[in-house]
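Engineer: Which chain is which? The protein sequence lines are A and B, in order.
Start counting the first sequence at 52; every next residue gets the next number (the working numbering).
Start counting the second sequence at 52; every next residue gets the next number (the working numbering).
Using N, Cα and C, we set each Cβ at its ideal position, and we do this for glycine too.
Owing to the predicted nature of the structure, the values given are computational and were not obtained by experimental measurement.
2 protein chains.
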Amino acid sequence: MNKTDIQTALNWRYATKSFDNTKKISKEDWRLLEESLVKSPSSFGLQPWKFLIIQNPELREKLKPATWGQSQVTDSSHFVVLTTLDKLNIDYVDTYLKRIAEVRGVSLESLDGYRKGIIGNLIDGPRAPTVRHWADRQAYIAMGFLMETAALLGIDACPIEGLEPDKYDEILNLKGSGYHTIAAVALGYRNQNDKYASAKKVRFPAESVVKYLE
Amino acid sequence: MNKTDIQTALNWRYATKSFDNTKKISKEDWRLLEESLVKSPSSFGLQPWKFLIIQNPELREKLKPATWGQSQVTDSSHFVVLTTLDKLNIDYVDTYLKRIAEVRGVSLESLDGYRKGIIGNLIDGPRAPTVRHWADRQAYIAMGFLMETAALLGIDACPIEGLEPDKYDEILNLKGSGYHTIAAVALGYRNQNDKYASAKKVRFPAESVVKYLE
């Protein structure tokens with residue numbers, strides 16, 4: 052992979068404020084964006100997430116006021132809502148282990164140590180009290196993969212935390228589903244008038260955020 | 052950017068269990084990996100993180116027992132510890148706003164609405180009680196960018212949550228620094244004997260994690 056292309060993508064991307072609502076992501080590009088979500092790594096491989104792709108225009112209109120009125124909700128080509136597990140239970144873990152057994156052609160017994168490791172860490176262990184936050188964090192890895200792939204494809208994106216998760220859960224019928232909204236990502240093509248497209252990217256100097264312990 | 056290359060990278064990567072400790076990431080590749088961390092998006096652009104690159108072999112030896120004894124700590128080429136803000140205070144926000152003013156050549160006054168938005172959401176608002184988790188989540192976006200860039204470059208990586216954050220904070224002198232350990236990523240080149248390299252990637256079927264609301 053050409054390093055210059057990657058670097059260009061990292062610098063080209065920005066949190067797009069205004070999308071051109073006439074431009075749609077091609078099916079082929081979307082397939083790769085979906086794959087970036089699905090193939091994202093997660094702790095123990097547990098994938099404690101569901102990604103909702105909101106295609107229905109009326110649903111998008113309903114979500115807009117719960118998103119601080121931001122136009123990206125209605126004007127983007129694809130609008131992805133990231134939802135994560137409220138809690139992790141043993142049934143979920145066992146469903147996952149069955150999936151491993153199926154894909155890799157191994158016995159469930161051979162995964163028993165792995166099962167104990169997961170339970171001892173996330174269900175009965177140190178991360179149990181904050182497992183909801185654990186699940187939320189995993190979705191942000193997927194958010195990273197989604198946004199980097201988008202940038203590599205020349206597709207604009209806007210990660211959105213500026214939303215009311217509770218209202219989203221209501222509108223999207225997530226109450227009682229075991230999943231809750233944590234964030235969203237709007238994807239598509241920037242509006243040529245978006246003044247933020249030409250604003251300089253603001254980062255702290257590298258030496259103040261990256262420390263080498265030698 | 053060639054779509055096949057991206058797809059290949061997504062499928063090629065895996066959580067590397069065993070690194071070849073004789074192989075080092077080149078300076079040029081590392082520069083792009085560092086840039087992927089630094090350029091990662093974060094909520095409001097606040098970058099509530101510091102990335103510690105542990106080059107000192109003795110320090111790595113000390114971290115290993117606090118990492119469930121995993122060999123990646125000592126055998127990888129580069130070992131990155133992701134740390135995030137314990138809490139967000141107004142001073143930090145103002146330092147960031149000064150940075151925006153400096154980079155974009157705008158007045159601090161022009162950023163006053165933005166300042167109010169940040170404070171109203173993260174310091175006095177709905178996210179204030181869990182702002183530590185908010186900061187942690189942002190670092191996972193950076194983890195995503197780091198891992199995807201690594202895969203694109205043919206560099207192996209292992210994201211590591213299996214560590215004792217408290218012990219890390221002690222060993223790395225983070226107590227009282229305002230930052231805490233949230234996770235780590237080991238990077239380098241797989242050991243040819245790593246049996247996990249050839250294990251099939253396990254994901255739930257796409258249709259069970261991606262839902263289209265049409």
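#1: Hey, does leucine 225 (chain A) have any beta-carbon neighbour from chain B nearer than 8 Å?
#2: Who are the neighbours of serine 87 (chain B) on chain A, taking C-beta pairs under 7 Å?
#3: Have a look at B:Ile174, B:Tyr143, B:Leu162 and flag the residue whose alpha-carbon is nearest the alpha-carbon of isoleucine 151 (chain B).
#4: In whole angstroms, give me the CA-to-CA distance for leucine 204 (chain B) and leucine 61 (chain B).
#5: If we count the other Cβ atoms within 10 Å of its Cβ and call it buried at 16 or more, is asparagine 242 (chain B) buried or exposed?
#6: Note down, in chain order, each residue of its chain lying with its Cβ closer than 8 Å to the Cβ of valine 253 (chain B), except the 5 sequence neighbours on either side.
#7: Scan the segment 144-216 of chain A and note each continuous alpha helix (DSSP H) run of 4 residues or more that stays entirely inside, going in chain order.
#8: Three or more C-beta pairs closer than 8 Å, one from the segment 126-137 of chain A and one from the segment 232-252 of chain A: is that the case here?
#9: If you measure between the beta carbons of alanine 202 (chain A) and tryptophan 63 (chain A), is that distance less than 8 Å?
#10: Looking only at its own chain, which residues have a Cβ that is under 6 Å from the Cβ of isoleucine 101 (chain B), when we skip the five neighbours before and after it?
#11: Among the candidates A:Phe196, A:Gly239, A:Leu97, A:Pro216, whose CA atom is the shortest distance from the CA of aspartate 142 (chain A)?
#12: Should alanine 250 (chain A) be flagged as near chain B, meaning a C-beta pair shorter than 8 Å?
#13: Give me the chain B residues within the contact set of glutamine 98 (chain A), using Cβ-Cβ distance strictly less than 7 Å, ordered along the chain.
#14: Is the Cβ-Cβ distance between lysine 149 (chain B) and leucine 159 (chain B) less than 8 Å?
#15: Can at least three beta-carbon pairs, one atom from the segment 78-92 of chain A and one from the segment 182-200 of chain A, be found at a separation below 8 Å?
#16: Once DSSP output is grouped into helix, strand and coil, what is the label at lysine 262 (chain A)?
#17: If you follow the alpha helix (DSSP H) that alanine 60 (chain B) is part of, which residue opens it and which one closes it?
#18: Can you find a C-beta in chain B that's less than 8 Å from the C-beta of phenylalanine 196 (chain A)?
#19: Evaluate contact between the segment 211-219 of chain A and the segment 213-221 of chain B, counting only Cβ atoms and requiring at least three cross-stretch pairs below 8 Å.
#20: Just the Cα atoms here: how many angstroms apart are threonine 59 (chain A) and isoleucine 206 (chain A)?
#21: Considering only the alpha carbon of each residue, which of A:Ala179, A:Leu223, A:Trp119, A:Phe70 lies closest to asparagine 107 (chain A)?
#22: Of the choices B:Lys138, B:Leu264, B:Pro92, whose alpha-carbon is the least far from that of tryptophan 193 (chain B)?
#23: With 16 other CB atoms within 10 Å as the buried threshold, where does serine 77 (chain A) fall?
#24: Which bits of chain A does aspartate 56 (chain B) rub up against, with CB to CB less than 7 Å?
#25: Can you give me the C-alpha to C-alpha distance between serine 259 (chain A) and serine 228 (chain B), rounded to a whole angstrom?
#26: In three-state DSSP terms, what is alanine 237 (chain A)?
#27: In the DSSP assignment, the alpha helix (DSSP H) including threonine 125 (chain A) goes from what residue to what residue?
#28: Nearest to proline 99 (chain B) by CA position, among B:Gly120, B:Thr146, B:Arg111, is which residue?
#29: Checking contacts by CB at 8 Å: is isoleucine 141 (chain B) closer than that to chain A?
#30: Given a limit of 7 Å on CB to CB distance, which residues of the segment 145-170 of chain A reach chain B?
#31: In chain order, what residues of the same chain have a beta carbon less than 8 Å from the beta carbon of isoleucine 170 (chain B), not counting five sequence neighbours either side?
#32: Measuring straight from C-alpha to C-alpha, what distance separates aspartate 126 (chain A) and aspartate 71 (chain A)?
#33: Beta carbons nearer than 7 Å to chain B: which residues of the segment 206-235 of chain A have them?
#34: Are any of the Cβ atoms in chain D nearer than 8 Å to that of threonine 200 (chain A)?
#35: Mind listing the chain B neighbours of isoleucine 76 (chain A)? Cutoff is C-beta to C-beta under 7 Å, in chain order.
#36: By the 10 Å Cβ neighbour count, where 16 or more other Cβ atoms means buried, how is glycine 239 (chain B) classified, buried or exposed?
Structural biologist: Well, looking at it:
#1: By one-based count along the first sequence, residue 225 (chain A) stands at place 174. It does not; no Cβ of chain B falls within 8 Å.
#2: Here residue 87 (chain B) corresponds to residue number 36 of the second sequence, with the count starting at 1. Taking a Cβ-Cβ threshold of 7 Å, the residues of chain A close to serine 87 (chain B) are Leu61, in chain order.
#3: Stepping through the second sequence from its first residue, residue 151 (chain B) is reached at position 100. Of the candidates B:Ile174, B:Tyr143, B:Leu162, the one whose C-alpha sits nearest the C-alpha of isoleucine 151 (chain B) is B:Leu162.
#4: In the second sequence, residue 204 (chain B) corresponds to position 153, counting from 1. In the second sequence, residue 61 (chain B) corresponds to position 10, counting from 1. Leucine 204 (chain B) and leucine 61 (chain B): Cα-Cα distance of roughly 11 Å.
#5: Your numbering for residue 242 (chain B) matches position 191 in the second sequence. Classification of asparagine 242 (chain B): buried, given that the 10 Å Cβ count is 16 or more.
#6: Here the question's residue 253 (chain B) lines up with position 202 in the second sequence. Around valine 253 (chain B): no qualifying Cβ.
#7: Complete alpha helix (DSSP H) runs here, min 4: 163-169, 182-203.
#8: yes
#9: On the first sequence, residue 202 (chain A) is found 151 positions in, with the first residue counted as 1. On the first sequence, residue 63 (chain A) is found 12 positions in, with the first residue counted as 1. Taking 8 Å as the Cβ cut-off, alanine 202 (chain A) and tryptophan 63 (chain A) qualify as a contacting pair.
#10: Position 50 of the second sequence, counted from the start, is the residue given in the question as residue 101 (chain B). The identity of residue 101 (chain B) in the sequence shown is lysine, whereas the question assumes isoleucine. Within the same chain, lysine 101 (chain B) has close Cβ partners Thr134, Tyr230.
#11: Residue mapping note: residue 142 (chain A) aligns to position 91 of the first sequence, counting from 1. Here the closest residue by C-alpha is A:Leu97.
#12: Counted from its first residue, the first sequence places residue 250 (chain A) at position 199. Alanine 250 (chain A) counts as touching chain B.
#13: Position 47 of the first sequence holds residue 98 (chain A). Ordered by position in chain B, the residues that pass the 7 Å Cβ test against glutamine 98 (chain A) are Arg254, Phe255, Val260.
#14: What you label residue 149 (chain B) is simply residue 98 of the second sequence in a count that begins at 1. What you label residue 159 (chain B) is simply residue 108 of the second sequence in a count that begins at 1. Contact flag set, yes.
#15: Yes, they touch.
#16: Here residue 262 (chain A) corresponds to residue number 211 of the first sequence, with the count starting at 1. Strand at lysine 262 (chain A).
#17: If you number the second sequence from 1, residue 60 (chain B) lands on position 9. Taken as a continuous stretch (DSSP letters only), the alpha helix (DSSP H) holding alanine 60 (chain B) covers 54-63.
#18: Looking up residue 196 (chain A) in the first sequence gives position 145. Cβ-Cβ to chain B under 8 Å: yes for phenylalanine 196 (chain A).
#19: Three or more Cβ pairs closer than 8 Å define a contact, and the segment 211-219 of chain A falls short of that threshold against the segment 213-221 of chain B.
#20: Numbered from its first residue, the first sequence carries residue 59 (chain A) at position 8. Numbered from its first residue, the first sequence carries residue 206 (chain A) at position 155. If I take the Cα positions, the gap works out to 13 Å.
#21: Within the first sequence, the letter at position 56 stands for residue 107 (chain A). Per the Cα distances, A:Leu223.
#22: For this step, residue 193 (chain B) is matched to residue 142 along the second sequence. A quick correction: the sequence has alanine, not tryptophan, at residue 193 (chain B). Relative to alanine 193 (chain B), the option among B:Lys138, B:Leu264, B:Pro92 whose CA is nearest is B:Pro92.
#23: What you label residue 77 (chain A) is simply residue 26 of the first sequence in a count that begins at 1. Serine 77 (chain A) comes out exposed.
#24: Counting from 1 along the second sequence, the entry for residue 56 (chain B) is found at position 5. By Cβ distance, chain A contributes Met52.
#25: As a first step, residue 259 (chain A) is located in the first sequence; it is residue number 208 there, counting from the start. As a first step, residue 228 (chain B) is located in the second sequence; it is residue number 177 there, counting from the start. Looking at the two C-alpha atoms, the distance is approximately 14 Å.
#26: As a position in the first sequence, residue 237 (chain A) is number 186, starting the count at 1. Looking at alanine 237 (chain A) - three-state DSSP - the assignment turns out to be strand.
#27: As a position in the first sequence, residue 125 (chain A) is number 74, starting the count at 1. Bounds of the alpha helix (DSSP H) holding threonine 125 (chain A) are 123-126.
#28: As a working mapping, residue 99 (chain B) is identified with position 48 in the second sequence. The shortest C-alpha separation from proline 99 (chain B) is found at B:Thr146.
#29: As a working mapping, residue 141 (chain B) is identified with position 90 in the second sequence. No, isoleucine 141 (chain B) does not count as interfacial toward chain A.
#30: Taking 7 Å as the Cβ-Cβ cut-off against chain B, the residues of the segment 145-170 of chain A that qualify are Arg150, Ile151, Val154, Arg155.
#31: If you number the second sequence from 1, residue 170 (chain B) lands on position 119. If we look at isoleucine 170 (chain B) and ignore the five residues flanking it on each side, its Cβ neighbours are Ile141, Val144, Gly176.
#32: As a first step, residue 126 (chain A) must be located in the first sequence, where it is residue number 75. As a first step, residue 71 (chain A) must be located in the first sequence, where it is residue number 20. Answer to the nearest angstrom: the Cα atoms are 7 Å apart.
#33: Pro210, Glu212
#34: Absent from the structure: chain D. Protein chains present are A and B.
#35: Translated into the one-based positions of the first sequence, residue 76 (chain A) becomes position 25. Within chain B, no residue has its CB atom less than 7 Å from the CB of isoleucine 76 (chain A), the nearest being about 13 Å off.
#36: Looking up residue 239 (chain B) in the second sequence gives position 188. The residue in question, glycine 239 (chain B), is buried, as its Cβ has 16 or more Cβ neighbours within 10 Å.
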